[in-house]
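Numbering of the sequence shown is given in our numbering, commencing with residue 4 and proceeding in unit increments.
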Amino acid sequence: MAWFKKVRKPIEPRAKNASRVPEGLWVKCPSCAEIIYNKDLVGTLNVCPKCGHHFRISASERLRMLFDGPWQEFDAGLRSTDPLKFTDTKPYRRRLEATVAATGMNDAVICAIGTVDGMETSMAAMEYSFIGGSMGVVVGEKITRAIERAIERRIPVVVVSCSGGARMMEGALSLMQMAKVSAALARLDRTNLPYISVLTDPTTGGVTASFAMLGDVNIAEPKALIGFAGPRVIEQAIRQKLPEGFQRSEFLLDHGMLDMIVDRREMKATIARILRFGGRGARAAERRRATADIHAPAAVEPRSHPAEREASSQPVE
Ligand SMILES: [Zn+2]
Numbered sequence: 004m005a006w007f008k009k010v011r012k013p014i015e016p017r018a019k020n021a022s023r024v025p026e027g028l029w030v031k032c033p034s035c036a037e038i039i040y041n042k043d044l045v046g047t048l049n050v051c052p053k054c055g056h057h058f059r060i061s062a063s064e065r066l067r068m069l070f071d072g073p074w075q076e077f078d079a080g081l082r083s084t085d086p087l088k089f090t091d092t093k094p095y096r097r098r099l100e101a102t103v104a105a106t107g108m109n110d111a112v113i114c115a116i117g118t119v120d121g122m123e124t125s126m127a128a129m130e131y132s133f134i135g136g137s138m139g140v141v142v143g144e145k146i147t148r149a150i151e152r153a154i155e156r157r158i159p160v161v162v163v164s165c166s167g168g169a170r171m172m173e174g175a176l177s178l179m180q181m182a183k184v185s186a187a188l189a190r191l192d193r194t195n196l197p198y199i200s201v202l203t204d205p206t207t208g209g210v211t212a213s214f215a216m217l218g219d220v221n222i223a224e225p226k227a228l229i230g231f232a233g234p235r236v237i238e239q240a241i242r243q244k245l246p247e248g249f250q251r252s253e254f255l256l257d258h259g260m261l262d263m264i265v266d267r268r269e270m271k272a273t274i275a276r277i278l279r280f281g282g283r284g285a286r287a288a289e290r291r292r293a294t295a296d297i298h299a300p301a302a303v304e305p306r307s308h309p310a311e312r313e314a315s316s317q318p319v320e
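Following this line, the structure appears as structure tokens:
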């Protein structure tokens, strides 16, 4: 047995780049360069108190913001099976595993049912941090089921888009989701239930080209990037300089692509107001049809895709 024993532990080396300020305590607004205390952002729903810049938020934060209280999540366990065995810089399967571990989600959307100002609503919120919020087979399937669930329960649908478009690692299978979700929305339309599309920064590619633009009411957050192809691709294709503010919410509203731009802090109240209006209208239309055999024209004709309008004029099976 040794006479002397080292009882004190050696001093731990200082971590690299150690800072006394905990990480993420302050954030700099990318729009006005204001330094904002992170806790202040919680109170403003992640909107810069100085200039109104809307920071990107996660899908669960989005649901927390829009629902009255707890919600019931559906299809949380659905996972992509990597049908093409795709590999880019690394195998898609490994990319999925890493993203699942980092985000705690199985794919890029949360579908849930909860109440918005007391009204039961089927909602889907996309998660940008999951491979750019891209729409693969799982996202398409989950949103389709969310719409079908709404039809079953006769409740409205709200989809909050935040996506880079279709997921290229699932190739044509991800493109098929555009048609699948659109077809489900057509069935919803025939039941007179309202569908509100909320477009946030960014909403691009196949998501814009399908369900994001098919809302009875299309609402965007201020200054959100919304488009199909990127500006560089368009400039090269049409050989013209694009105008200022191209593909931003305000530009799209001016050109009739959106119905309104709503500040995030007003979003829930606005959605509730529209649902109350649309919900009552839908119920009234149903009553009319049930009691008398007349088709009173609706006060506001819901907007739908031109191709869809054609399809719905066909006799319904
Ligand atoms: Zn700011």
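Cβ coordinates follow ideal geometry from the N, Cα and C atoms, glycine included. Since this is a predicted model, take the numbers as computed values, not measurements.
Closer than 7 Å to some heavy atom of ligand 1: that does not describe the Cβ of H57.
Listed in chain order, the non-local C-beta contacts of I237 below 7 Å within the same chain comprise L245, local neighbours out to five positions each way being set aside. Spatial neighbours of Q250 in its own chain (CB-CB distance under 7 Å, excluding positions within 5 residues in sequence) are listed in chain order as L228, I229, G230 and P234.
Taken in chain order, the whole beta strand (DSSP E) runs of length 3 or more contained in the stretch 207-293 are 220-223. Distances taken from the Cβ of E224 to the heavy atoms of ligand 1 include none shorter than 7 Å. Checking the DSSP bridge columns, you'll see C114 partnered with F77 and A127.
Per the coordinates, the alpha-carbon of S137 lies some 13 Å from the alpha-carbon of I146.
For S61, no beta strand (DSSP E) segment is defined, and its DSSP state is neither H nor E.
About 5 Å separates the CB atoms of I277 and V220; that is less than 8 Å, so the two are in contact. The secondary-structure analysis by DSSP pairs P94 across a beta bridge with T90. Pairing D110 with L81 gives a Cβ-Cβ distance under 8 Å.
With distances taken between CA atoms, I222 lies nearest to L255 out of E151, L255 and R11. For K31, the enclosing beta strand (DSSP E) covers residues W29 to K31.
Secondary structure of D120 (DSSP, three-state): coil. Secondary structure note for V163: its beta strand (DSSP E) is the uninterrupted segment V160 to S166. If you check the C-beta of K12 against ligand 1, you find no heavy atom less than 7 Å away.
No residue range can be given for I134, since it is assigned to no alpha helix (DSSP H) and is classified by DSSP as neither H nor E. When distances are taken from the beta-carbon of S34 to the heavy atoms of ligand 1, the shortest one is below 7 Å. At a cut-off of 7 Å, the beta-carbon of E173 does not count as near ligand 1: no heavy atom of the ligand is closer than that. Residue side-chain check: C165 keeps its Cβ at 7 Å or more from all non-hydrogen atoms of ligand 1. With a beta-carbon spacing of about 22 Å, V103 and M126 fall beyond the 8 Å limit used to define contacts. In this structure the stretch 262-275 does not touch the stretch 139-155; the number of beta carbon pairs closer than 8 Å is below three. For K271, the Cβ stays outside the 7 Å cut-off from all heavy atoms of ligand 1. Remark: C-beta atoms of I274 and I199 approach each other more closely than 8 Å. Taking the CA atoms as reference points, G121 sits about 19 Å from V163.
Under the DSSP assignment, S177 falls in the alpha helix (DSSP H) whose first and last residues are G174 to R193. Remark: C-beta atoms of R170 and I134 approach each other more closely than 8 Å. When distances are taken from the beta-carbon of E238 to the heavy atoms of ligand 1, even the shortest one reaches 7 Å or more. Burial is judged here by how many other beta carbons sit within 10 angstroms of a residue's own beta carbon; T124 has at least 16 and is buried.
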